[in-house]
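In my numbering, the protein residues as written are 55 to 782.
Each remark here refers to the structure printed beneath this line.
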Ligand code: FAD
Ligand code: NAP
C-alpha cells in the first residue's frame with residue numbers, strides 16, 4: 055500500500071463502545087491537525103487492514119471478563135499470539151497504544167498490556183508511551199492527557215520536517231492562559247465584557263481552530279458570565295407527569311457549596327479549556343406516515359454473537375418482602391437451540407423505561423413526531439470527516455423506537471456531549487456552567503456532579519432549562535444501549551433449551567442531581583415484566599401478554615469459567631448473593647453427568663460451596679435447591695454465612711470468614727488434591743477480600759511471607775485454578 059506521509063491507522067477493540075468512542079475523538083482531532091486517519095475495528099484485520107503493511111498505528115483497546123480482549127478482537131489477538139511469528143515480524147511498525155480497564159479487577163488493562171508486550175516482542179516500536187485508563191476512577195483522567203500528547207507525537211513521527219509543527223503543539227498549552235488574537239475563536243472570547251468577566255477567558259485552545267464553521271464560532275458569541283447563584287426555575291410545561299413534578303426537588307439555589315448547576319472559586323473565575331466541538335453530521339427525514347407497527351424488536355448489527363428470541367416462561371421472586379434487595383429468577387425458553395454451558399452468561403437486550411423516554415422526547419420538543427417513521431441520513435454538507443451513520447442505529451425507525459431500544463439515555467453524558475450542549479444553551483449562567491463541566495479545569499466537578507452520581511442526559515436537561523439540543527445531535531453523540539449479561543443459573547443437561555438467570559433489581563434513589571428515582575435499565579425492565587407475568591398467571595389467561603414475555607438474548611460464552619473437563623477435580627465455589635448463580639448451574643450439571651453412562655466409571659471430585667446472604671429468612675437464595683443437592687451428595691458441603699443476623703463473635707459474617715474457619719480443609723484441597731477455586735459476584739469488595747483471605751490462609755497455615763502468598767495465588771490464577779467471574 056502506498057504510504058502517504060501524513061497517514062496513520064487507527065484501531066479499536068471495544069466491548070461496550072468506550073474504546074470506539076475514544077477513537078472517534080482521535081479521528082476528529084486528526085482532521086484538525088491535518089492528518090489522514092483510517093479507522094477500523096480490530097475485527098476487520100485482514101479484511102480492511104493488515105498490520106504487516108502499516109508503518110504507523112494507534113490502538114485503543116478495552117479489557118473484558120477476567121482480563122480478556124473484547125469479543126470482537128479475539129481473532130486479532132489470537133493471530134498475533136502465534137508462536138511461529140519471527141521476532142522482527144513487525145519491526146517496520148511504529149505504534150501508540152491506549153488500554154482501557156477497571157482496577158477493581160485483578161487483571162487491570164490486561165488485554166492492552168498483553169498486546170503492548172506482544173507488539174514489542176514482534177519488533178514494533180512505540181513512538182509514544184502507552185497509556186492505561188481506569189474506569190474505577192474515570193477513564194477521562196488518563197484518556198484526555200493521553201490524547202493531548204498523542205498529536206505532538208504523531209506529528210513528530212509523521213512529519214518531522216513540518217515547519218510550524220512545534221507551534222501547533224505548544225499552542226494548546228498556552229492559549230488558555232493568554233489572549234491570542236490571531237485565533238478566531240479566541241478573538242470571539244475576547245469580545246466579552248471584561249469587567250463582568252473579571253478577566254476570565256473561555257478559550258477553545260485547540261491548535262487549529264481556523265477550520266471551525268461559523269456555526270461553531272457563533273457558539274462563543276454568547277456573553278458568558280462567571281457562575282453566580284442560579285435561581286433554578288422548575289421546568290414547567292404544565293404536565294401532570296409525576297416524573298416532571300419531582301424535578302422541583304433539585305432546586306439548588308442559595309447554597310454556598312458547588313453543585314451540578316453552580317461552581318465556586320477558583321473554578322468560577324478560571325479560564326477554562328473546552329474540548330473541540332465536533333461538527334454535526336446526522337439528518338432525519340420524516341415521512342408523514344405514522345408507525346403502525348408498534349414497538350418492534352431491535353436488531354444489533356454490532357453483536358459479536360447471534361441474537362435469538364427467548365420466552366420468559368416463569369418469573370419468581372426469591373427474596374421476602376422485607377429483604378434489602380429484591381432478587382428475581384427468570385426461566386427463559388430459548389429459540390433456535392441457542393447453546394450454552396454452565397459458567398457462560400446470556401446477554402439480555404433491554405429497553406429504556408417508557409415514561410422516561412416520553413419525558414425525554416417531550417423535553418426535546420419532539421413528541422409530535424415521536425411515532426412518525428424517519429430515515430437517518432448523513433447531512434449533505436457535514437464538515438465531519440469520513441462521517442458514517444453510527445453502526446448501532448437502524449436506517450429507518452421512529453424517534454420513540456430509537457430512544458427506547460438503541461440509545462443509552464442513562465449513561466452520564468461525556469464531556470464531548472456537554473460541549474455540544476453548551477452550543478444549544480441560551481442562558482449565560484447555564485452556558486458558563488456547562489463550559490466548566492466539560493473543561494479541563496472542571497474535571498473534579500465533572501467527576502463529583504456528573505460521573506459519580508450517574509447523571510443522565512435527562513437530568514442534565516432538567517437542570518439546565520435553557521439548553522435545547524436537537525434530537526439529531528443526541529443521536530450522534532449518546533452511546534449505544536448495551537445488552538446486560540447474566541450468569542446462567544442452570545444446566546442445559548437438566549433443562550434442555552431452557553436457561554435460568556437470577557439478579558437483584560437495582561433501585562437508584564432521587565438526589566445528588568438525579569431528578570427522579572429510577573431502577574436499573576435492565577433489571578427495572580425485567581422487574582416490570584415479572585409483575586406482568588405474575589398478574590397474567592393470577593388471571594389465568596395464558597394468551598394475554600404473550601408478546602411481553604419475549605426477550606432478545608445472545609450467548610456470552612466464558613473462556614475459562616467452566617467446569618473442569620476432568621470430573622474428579624474437586625471444586626471450591628465462593629458466591630455470595632446472586633454470585634451463587636453459576637454454581638447452581640455447575641451442581642445441576644454434575645447431577646446430570648452422574649446419571650450419564652459415559653461417566654459411569656468416573657470418580658467425581660468433592661464440591662464445596664461458600665454462600666453468604668444477609669438473613670436466612672429474607673435472602674437465602676436457592677435454599678431448598680442447595681439443601682437438596684447436599685442431601686443427594688452432589689454438593690459435598692454447603693457453608694453459609696448470614697451477615698446481618700445476631701451471632702456470637704466466632705460465627706462467620708461473610709463468605710471469607712467461613713473460608714478462614716475452614717482453612718485446613720481448603721489448604722488440603724488446594725495443595726494435595728488440585729482443587730479449582732471459583733469466585734463469582736461483586737468485584738468491588740468481595741472478590742478482593744476473598745483473594746486476600748486465600749493469601750492469609752497460605753501465610754498462616756504454610757508460613758509463607760506476604761510476597762510468597764501473593765505469588766502462590768498468582769500461580770493458581772495462571773494455572774487456571776483460581777477463576778473469577780466478578781462484576782462491579
Ligand atoms: P444499570 O441501568 O446498568 O445501572 C447500574 C448502576 O446501578 C451502576 O452503575 C451502579 O451505580 C448502580 N448499582 C447499584 N447497585 C448495583 C448492583 N448490585 N449491581 C450493579 N449495579 C448496581 N448481575 C446479576 O444480578 N446477576 C448475574 O448473574 C450477573 N451476571 C453477570 C455476568 C457478567 C459476565 C457481567 C459482566 C455482569 C453480570 N451481572 C449480573 C451484572 C448485570 O449485567 C447488570 O450490570 C446489572 O444487573 C445491572 O443492570 P441494570 O441495567 O439493571 O442497571
Ligand atoms: P448482595 O445481595 O449485595 O450481598 C450478598 C451478601 O454479600 C450480603 O450478605 C452482603 O452483606 C455480603 N457482602 C457485602 N460485602 C461483602 C464483602 N466485602 N465480602 C463478602 N461478602 C460481602 O450481593 P448481590 O447484589 O447479589 O451481588 C453482588 C454483585 O455481583 C452485583 O453487582 C451483581 O451484578 C454481581 N454479579 C456478577 C456476576 C458475574 O459477574 N458473573 C454474577 C452474579 C452477580 P452486607 O450487605 O450485610 O454487608
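Note that CB positions come from ideal geometry on N, CA and C, so glycine has one too.
Here the structure is a predicted model, which is why all the values come from computation and not from measurement.
Item	Value
Cβ-based neighbour list, residue 588, same chain, cut-off 8 Å, excluding 5 preceding and 5 following	369
heavy atom of the ligand NAP below 7 Å from residue 41 C-beta	Outside the shown range of the chain, which is 55 to 782, sits residue 41, and nothing can be said about it.
Residue 408: CB within 7 Å of a non-hydrogen atom of the ligand NAP	no
Complete alpha helix (DSSP H) runs within the segment 149-221 (minimum length 4 residues, chain order)	164-175 and 194-212
heavy atom of the ligand FAD below 7 Å from residue 428 C-beta	no
Coil, strand or helix - residue 542 by DSSP	coil
contact_flag[the segment 375-391, the segment 545-560] where n(CB pairs < 8 Å) is 3 or more	yes
Where the beta strand (DSSP E) through residue 609 begins and ends	604-610
Inter-residue spacing [alpha-carbon to alpha-carbon] between residue 784 and residue 66	In the structure displayed, the chain extends from 55 to 782; residue 784 sits before or after that span and is not available.
Spatially closest choice to residue 402 from 490, 536, 498 and 176, by CA coordinates	536
Simplified DSSP assignment, three categories, for residue 330	coil
Of the listed residues 211, 708 and 121, nearest to residue 169 (C-alpha basis)	121
Cβ neighbours of residue 673 in the same chain (closer than 8 Å, five flanking residues each side left out)	372, 373, 374, 377, 378, 379, 381, 631 and 667
Beta carbon of residue 117 nearer than 8 Å to that of residue 178	no
Under 8 Å between C-beta atoms of residue 420 and residue 450	no
Every unbroken alpha helix (DSSP H) within the segment 490-558, with a cutoff of 4 residues, ordered by chain	497-500, 511-517 and 525-531
Through-space distance from residue 501 to residue 468, alpha-carbon basis	11 Å
Per-residue DSSP class, three states only, for residue 748	helix
Nonlocal neighbours in the same chain, by C-beta distance under 6 Å from residue 346, ignoring five residues either side	Caution applies to residue 346, whose pLDDT of 47 falls short of 50 and renders its modelled position unreliable; the model cannot decide the point.
Beta-carbon separation (whole angstroms), residue 623 vs residue 728, contact threshold 8 Å	6 Å
Burial state of residue 616, where buried means 16 or more other Cβ atoms lie within 10 Å	buried
Check: residue 734 C-beta below 7 Å from any heavy atom of the ligand NAP	yes
Stretch pair the segment 753-771 + the segment 652-666: three plus CB contacts closer than 8 Å	no
C-beta atoms of residue 445 and residue 525 nearer than 8 Å	no
Cβ neighbour criterion (16 or more within 10 Å) applied to residue 144	buried
Residue 271 versus residue 110 - alpha carbon distance	Confidence at residue 271 is low in this model, with a pLDDT of 35, below 50, so the placement of that residue should be treated as unreliable; the coordinate-derived value is given next. Going by the C-alpha atoms only, they are around 33 Å apart.
Own chain partners of residue 574 with C-beta closer than 6 Å, once the 5 adjacent residues on each side are dropped	560
Contacting residues, own chain, Cβ-Cβ under 7 Å from residue 39 (five flanking each side not counted)	Here the chain has residues from 55 to 782 only, and residue 39 is not among them.
Residue 540 Cβ short of 7 Å to the ligand FAD heavy atom set	yes
Distance between residue 183 and residue 61 (C-alpha atoms, nearest Å)	20 Å
Cβ-heavy atom distance, residue 556 to the ligand FAD, below 7 Å	yes
Touching by the beta-carbon criterion (3+ pairs, under 8 Å), the segment 633-644 and the segment 733-741	yes
Residues bridged to residue 573 (per DSSP)	561
Where residue 191 falls, given that 16 or more other Cβ within 10 Å makes a residue buried	exposed
6 Å CB neighbourhood of residue 539 in its chain, flanking five on each side removed	399, 401 and 610
Inter-residue spacing [alpha-carbon to alpha-carbon] between residue 607 and residue 404	9 Å
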